[in-house]
Each structure stands twice: as structure tokens, then as C-alpha cells.
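A.B. asks: Quick one: the structure is below, questions incoming.
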Amino acid sequence: MQETSVEVRDLKVSYGSFNVLDGLSLDIYQGEFLVLLGSSGCGKSTLLNAIAGLQDTADGSIAISGRDVTFTPPKDRGIGMVFQSYALYPQMTVAQNMGFGLKVRKMKAPEIEARITRAAEILQITHLLKRKPSDLSGGQRQRVAIGRALVRDVDVFLFDEPLSNLDAQLRTDLRVELKKLHQNLGNTMIYVTHDQVEAMTLADRIAVMKDGRIQQLAPPDEIYARPANLFVAGFIGSPKMNLIAGSLEQGTTFTAPGLRIALPGIQARPTSGGLTLGLRPEHLTLLPEGAVATGPVIEGTVDLVEALGPETIVWLRAGDSTIALRCDPRSAPAQGATARALISLQDASLFETETGDRLDFRPLP
Amino acid sequence: MTTSPTARSRGSRPGTGLPVGRIGLWAFILLTVLFFLAPLYVMIVTSLKTMDEVRLSSIFALPMHPTFEAWRFAWSEACTGIECHGLQSGFWNSVRITVPSVAVSVLLGAISGYALSYWKPRGGEILFALLMVGAFIPYQLFIYPLAFAFAKTGLANTLLAVVMVHVFFGLPIVTLIFRNYYAGLPHELVKAAQIDGAGFWRIFRSIILPLSRPILVVAVILQTTGVWNDFLFGLIFGGTNNQPMTVQLNALVSAQFGEKPYNVHMAATILTALIPLAIYLASGRWFVRGIAAGAVKG
Ligand SMILES: Nc1ncnc2c1ncn2[C@@H]1O[C@H](COP(=O)(O)OP(=O)(O)O)[C@@H](O)[C@H]1O
Ligand SMILES: [Mg+2]
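Taken in sequence, the protein lines are chains A and B.
Residue 152 is where the first sequence starts when you use the numbering used here, and the numbers rise one by one after that.
Residue -3 is where the second sequence starts when you use the numbering used here, and the numbers rise one by one after that.
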């Protein structure tokens, strides 16, 4: 049984009459790296600010390290926060930036100095300590911002899109460093992003958010393999999961406009409305001409071929749907050709079209 | 061969030669400058002449024997009403009025702008709207009620009354410019400082104030010139002991009998305008920079 670090219970946050969060609950484990993932405006920052104590809550409770902090000011919550804009104090040096929180708490100068030195070593910014933020690069500023939380020995680190202002290369580098930092420190980290790659690579668990609600809370591989609903299915993955809306006929044939796919042995829960079949591009395998299919097959004409280097994306037009599939560059078909792709049924997802909910289904062996 | 189409379409480089439009522009600028500088020129040369020379020479003529006698007289001997000690007491009165008025209104404006911008107090928006309405109502409307209130509280004809009135009427505009400036600073700075454990005042002192230099300069200039140039409040609320320089200047210029000593009038006027003039000249660049910073970020 893992210990809980941050516990959010029935949280409600409103701006005027607009409820950004309405009854949100979330348990975050001790030492966990939890990523809040969602598109812009879904309430990620609001949730993070509420955990930090920077945002008034209308209802519900928040506990950190077993202590109810719903009405505790930010400084006493045992949290540190890193912002997208870095929010370094422009007129202070790096060392002063890192020491400000300790100075405000009236810590003795030698102790402050020692902590700054230690944090600077961990973050490899010792040579920057006397500089002003304006003389630092984006990546260096971000490190200083992390250092500001580090010196205070906080239980929980909060990150609000900390890498979004950096260029692509630096973002990748810092992502790796953040992961290492987490492994070394072992603190609980809550990380907000709209970037699914960051979420997939950093997280122990991802909470996918939409309109102030958590759609799914699970480890990255499960989010990817078994999305809980149509939103999560469409949000994660690039190219996106192929989502084909249709219905089930005669129990085992999935029918969509211009498309009939036999799903032998499928056991779907009967529903009133339609079904949506979800297929990841890598769960479709191109069949060589004349090969015998060992399972359900999609057939279509090749619309577009995108060579990405290590792999090639083939866009297949089948009926009304355009379906992406990954293949080896060497076996990519020509544009305009007819192609057949084998569906890996045990990897497929099935959703209720109306509600968007995932349907558990097992193909019979 | 004719020139190629691309070369032709580029046309001539702008700014080379002296096209008619440019000459016109320069002529206009020159005229404008002359229009504003000519009176100043007349004032300065006249103030440096003796009255004999003023009588005889053209107003544009340079003084034959430049003398600061008229300046000295205006400063220490000219009659400003009953008293005849020149403008010096008015100068010091103006200093005594301006320094606290500017200091208090700028400081309060900065604090209220900061509070409105970052802390969004309950009712803050309403308060701000009221301030704005207050800023745009002609202040003459307030004079009678204020005079009445001061008379009732025994504050009439005191320095404090004048300072209070200046602070009262300066606050809306100062609050506005600080609020707009702070709206342009990243709010995450304040959030970070809150997490660091700093409170309202500590954040203001350690984080916000050091970032406010450009807008502080703008506010101080705006308020200093405004307060220094004031005539009405000083006249009405200051009483005879606290008359600012502008009021004394008016008395000096209007209360003479017989021949008008134009050289003294000119010198007195320049003396009165010296402080705002000096501030503009010394800080013009800062002023523009601060305004621009406020405009871009706000
Ligand atoms: N101060 C505010 N006043 C009114 N609405 C706000 C305010 N801050 C955020 N919102 C709204 O709340 C929603 C969630 O915002 P936010 O938590 O910042 O989203 P995210 O961080 O996921 O992009 C958005 O629709 C946003 O417009
Ligand atoms: Mg956000």
C-alpha cells in the first residue's frame, strides 16, 4: 500500500458562476511523478494553483502529507512551484533568488548559504550564482526556478508547463534531467503540461483532463494501450488512434459506411447506440500481395505516404474513413495502390459512440 | 537597354534628396519651434535688461549690459501683496507643499495600484471605478465642500490642507498608471513570492518596488509639475502663510502701480517655471521611456 502525498477531495473552484473544477478528486502517492495532461483551458493550472494555495477554492478539501491544508497559506504547505515564465525576481542574483524564501523565513545566513551551495551543485548552476536572471538562458533560468524550490526542502514540487517556453532541443534535454532529478530526490512531483510526449516520458501516472474533469488516471502505458474513453483515445498518440464509428451487425461484423470488418469472436456488451472501433496505427500490419490473412482485414487505396525516417505512415482510404498505419519504410506501398492491412484485434479498443466510454471486450482465442 | 523591371519597381531609396514634402515638414517643425521658443526668448532677454533699456529697445533685441538685477529683485524685494520680500517665501512654500504631496500621492498610488492589480480585493473594482469618476469630474466642483470641511475641522489655511487636497486629486491618476504598469508585469512573480513566504508588504518592498523605477519616475514628474503649477488650491486652501510661488507670482505681476517693471515680471515668471522646466529637461528621456514601458506592457 502506497502512502498518499497529496489528496484532493471533491474540489470545486469557480470564477464567478463558471465552475472550472467541479467536484474533482485525486490521490497522489508519495514520491510519485504525476502529470496533469490536457489541452489549454481545461483547468490544469487552476488545479495546481489550488494545491499550491494560490487559488481560492469554493468547496472540497486538500491534504498534503496527511495534513489538511485547505485553508493554509501557500508558504506553509510544504510545496515549491516552478512556473512557465520562470518568475525569477529580476533584480536579484541567482543566489538571492534561491535564498529569498529562506531569508523571508529568517533562516541564519550561513545555513542559507549552505543550502544554496548544495542546491546549486545538484542543479549544476554553481557558476551562475552571482548572475542576474536577465543574463541567463531559458534552460538556466528554469534550473534556478527549480533551485528556489529545492533549497526549501519541500515535500511536493509543482510544475506549471515549465518547459513550454524553451526550444525543442532544450526541452528534450531538460525533460531527461527532470526525470533524473526526480529519481535522485524522490519527492512527489505534480507536473502540468499540454504536451503528450512530456507526459508519456515523465509520468509515473498521467491524469488526462478535459473541461475540469479527470478523464483517466493511469500509468502512461495503460493510458496509451487502454484509453478510458474516446477523448483520451484521440488525445494521446501521434498519429492519432484511428477511430471508426459504426455498429455491430450479426453480433460479430463491425460495419461502418463503406466498410465491413469481421471481428471473429468479439464479445461486446450490447448497447443501444453505435460503436466506435479504435485502432492504433501500429496495430495494423500491411499484408504482402497474395498473403493469407490470419485475422480481420481492412482494405483500401493508399491516399498518402509520409516517410518519417525510422518508419513510414501510410494513409489508407477505406470506405468513408481515412486510416493511418505505421510500416517499415522498405515495405511502404505506392500512392494510389490498393493495400490490405491486418488488424491486431487484441490491441484494439472499442467505445460506445454515444457516451464515448470504453467497452471491455475480449476476442475469443 | 532599359532598366530591368525589378530595378524599376524598387523605386528610389526613401530619404535621399530633398523632396518637397520633406522640406515642408522641416519648415513646419521650424515654425513650431519658433512659435514656442520666441516668447521664452523674449522673456529671457527682457529679464536681463534694465528698465531703461526695456523702454528703449525692441523686445527682440539682446541686452546691451546683461544684468541679473531684475532676478535678484524678483527673488527678494518685489512686492507680492502687502509684503515686499520677493518670491522666495513662495518658493519655499511651494517646496513644502510639493515634496510631501508628491511623496504621499505617489507612494499611496503605487500601493493601491499594486493592491488592485495583484490582490484583487473585494470591492476593488468598484473602488477603482469610483476613483476614475473622481478623476474626471471637474475638481472645481469639490472646492466649496472641501473648504467647508476644512473650516469645520480647523484645517483651513494650513499646509496640511493643501497637501491633503493635492494627494486627494493626484491619487486617481497615479493609481491608474501604477495599476496599468503592474498589470503588465508577470503575476507569477507575486505567486512565486507568496510561495516563498513573503506577505503583502514584503512582496511590495522586495519584489514590486524595485521593478517600478520607470513608472515611479513618470509618476513623480507628473505629480511634481502638477502640484508645482497649481494655483487654485494654494490660493483657496493655503491661506496667506502658505501661498505657493504661483500665487505670489500672480500677486507680484498684477499688484504693481504705475509703470510695469517688465524685466522683474519676466524674471519672476521664469523663476516660477524653473523647477518644472528643469525636471522636464533632466528627465525627458526617462519620462518617455517610462510612458513607453507603461504603454507597451499595459
Ligand atoms: N482569473 C480568471 N478569471 C476567469 N476565468 C479564468 C481565470 N483564470 C482562468 N480562467 C478560466 O478557467 C479555465 C481554466 O483555466 P486554466 O486552469 O488556466 O487552464 P489550463 O492551465 O489548463 O490551460 C479557462 O477556461 C480559463 O479561461
Ligand atoms: Mg495553464
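In this text, a Cβ means the ideal position worked out from N, Cα and C, and glycines have one as well.
Note that the structure is a prediction, hence the values are computed from the model and not measured.
Strictly below 9 angstroms CB to CB, what residues from chain A border residue 201 of chain B?
C.D. replies: Simply none; closest approach about 11 angstroms.
A.B. asks: By DSSP, does residue 202 of chain A sit in helix, in strand, or in coil?
C.D. replies: helix
A.B. asks: Beta-carbon separation of residue 202 of chain A and residue 341 of chain A under 8 angstroms?
C.D. replies: yes
A.B. asks: Can we say the segment 208 to 216 of chain B touches the segment 60 to 78 of chain B, given the rule of at least three CB pairs closer than 8 angstroms?
C.D. replies: no
A.B. asks: I need the DSSP call for residue 105 of chain B, collapsed to helix, strand or coil.
C.D. replies: Residue state, collapsed to three classes: helix.
A.B. asks: For residue 165 of chain A and chain B, any beta-carbon pair shorter than 8 angstroms?
C.D. replies: no
A.B. asks: So, under 8 angstroms CB-CB, residue 378 of chain A and residue 472 of chain A are touching, yes? Tell me the CB distance rounded to an integer number of Å.
C.D. replies: That pair is no contact at about 18 angstroms.
A.B. asks: Quick one: residues in its chain with C-beta nearer than 8 angstroms to the C-beta of residue 220 of chain B, no 5 flanking neighbours on either side, listed in chain order?
C.D. replies: 94, 98, 271, 272, 275
A.B. asks: Taking all protein chains shown into account, do 16 or more other C-beta atoms lie within 10 angstroms of the C-beta of residue 497 of chain A, making it buried, or fewer, making it exposed?
C.D. replies: exposed
A.B. asks: DSSP three-state call for residue 20 of chain B: helix, strand or coil?
C.D. replies: helix
A.B. asks: For a test of your reading of the model: does the CB of residue 302 of chain A fall under 7 angstroms from any non-hydrogen atom of ligand 2? Yes or no.
C.D. replies: no
A.B. asks: Considering only heavy atoms of ligand 1, list every residue whose Cβ is less than 5 angstroms from one of them, following chain order.
C.D. replies: Counting only residues whose CB is nearer than 5 angstroms to a non-hydrogen atom of ligand 1, the list in chain order is A:166, A:171, A:191, A:192, A:193, A:194, A:195, A:196, A:197.
A.B. asks: Please list the partners that residue 256 of chain A has in chain B, where partner means a Cβ-to-Cβ separation under 9 angstroms.
C.D. replies: Those are 192, 193, listed as they occur along chain B.
A.B. asks: What residues from chain B crowd round residue 291 of chain A, counting only those whose CB sits closer than 7 angstroms?
C.D. replies: Those within 7 angstroms of residue 291 of chain A in chain B number zero; the least Cβ separation is about 17 angstroms.
A.B. asks: Can you say whether residue 278 of chain A is buried or exposed, counting buried as having 16 or more other CB atoms within 10 angstroms of its CB?
C.D. replies: exposed
A.B. asks: Taking only beta carbons into account, state which residues of the segment 171 to 188 of chain A come closer than 9 angstroms to chain B, listed in chain order.
C.D. replies: Taking 9 angstroms as the Cβ-Cβ cut-off against chain B, none of the residues of the segment 171 to 188 of chain A qualify.
A.B. asks: Check whether the Cβ atoms of residue 109 of chain B and residue 174 of chain B lie closer than 8 angstroms to each other.
C.D. replies: yes
A.B. asks: Less than 8 angstroms separating the beta-carbons of residue 493 of chain A and residue 453 of chain A?
C.D. replies: no
A.B. asks: Within 10 Å of its beta-carbon, does residue 19 of chain B have 16 or more other beta-carbons around it, so buried, or fewer, so exposed?
C.D. replies: exposed
A.B. asks: Any idea if residue 296 of chain B is buried or exposed, counting beta-carbon neighbours within 10 angstroms, 16 or more meaning buried?
C.D. replies: Past the boundaries of the shown model lies residue 296 of chain B; chain B is included only from -3 to 294, so the question cannot be answered.
A.B. asks: Below 8 angstroms, how does it come out for the segment 358 to 365 of chain A and the segment 326 to 340 of chain A: are there three or more Cβ pairs, yes or no?
C.D. replies: A contact is defined here as three or more CB-CB pairs under 8 angstroms, and the segment 358 to 365 of chain A fails this definition with respect to the segment 326 to 340 of chain A.
A.B. asks: I want to verify the contact list: residues of chain A whose CB lies under 7 angstroms from the CB of residue 198 of chain B, in sequence order.
C.D. replies: What residue 198 of chain B touches in chain A: 255.
A.B. asks: Within its chain, find whatever has a CB closer than 7 angstroms to the CB of residue 158 of chain B; leave out the 5 residues flanking it on each side and keep chain order.
C.D. replies: 93, 229, 230, 233, 234, 238, listed in sequence order.
A.B. asks: CB residue 191 of chain B to CB residue 241 of chain A, shorter than 8 angstroms?
C.D. replies: no
A.B. asks: How is residue 452 of chain A classed by DSSP in three states: helix, strand or coil?
C.D. replies: strand
A.B. asks: Just how far apart, CA to CA, sit residue 193 of chain B and residue 256 of chain A?
C.D. replies: 7 angstroms
A.B. asks: Taking its Cβ as the centre, do 16 or more other Cβ atoms sit within 10 Å of residue 201 of chain B, making it buried, or is it exposed?
C.D. replies: Only exposed fits residue 201 of chain B, as fewer than 16 other CB atoms lie within 10 angstroms of its CB.
A.B. asks: Taking only runs that begin and end inside the segment 248 to 325 of chain A, name each unbroken alpha helix (DSSP H) of 4 or more residues, in chain order.
C.D. replies: 260 to 274, 289 to 301
A.B. asks: Would you give the residue range spanned by the beta strand (DSSP E) that residue 238 of chain A belongs to?
C.D. replies: Note, residue 238 of chain A: premise wrong, no beta strand (DSSP E); not H, not E.
A.B. asks: Just to check my reading of the structure: residue 163 of chain B and residue 101 of chain B have Cβ atoms closer than 8 angstroms, yes? What is that Cβ distance to the nearest angstrom?
C.D. replies: 5 angstroms
A.B. asks: Would a C-beta distance cut-off of 8 angstroms place residue 298 of chain A and residue 319 of chain A closer than the cut-off?
C.D. replies: no
A.B. asks: Taking the alpha carbon of residue 75 of chain B as the reference point, which residue from B:249, B:127, B:278, B:255 has its own alpha carbon closest?
C.D. replies: B:249
A.B. asks: Tell me, please, whether the CB atom of residue 205 of chain A is closer than 8 angstroms to any CB atom in chain B?
C.D. replies: For residue 205 of chain A, the answer is yes, since a Cβ of chain B falls inside 8 angstroms of its Cβ.
A.B. asks: Enumerate in chain order the residues of its own chain whose CB-to-CB distance from residue 72 of chain B is below 7 angstroms, with the five nearest sequence positions on each side excluded.
C.D. replies: 81, 82, 84
A.B. asks: Is it buried or exposed, residue 197 of chain A, if we count other Cβ atoms within 10 angstroms and call 16 or more buried?
C.D. replies: Taking all protein chains shown into account, residue 197 of chain A has 16 or more neighbouring C-beta atoms within 10 Å of its C-beta and is therefore buried.
A.B. asks: Quick one: Cα of residue 237 of chain A to Cα of residue 311 of chain A, how far?
C.D. replies: 10 angstroms
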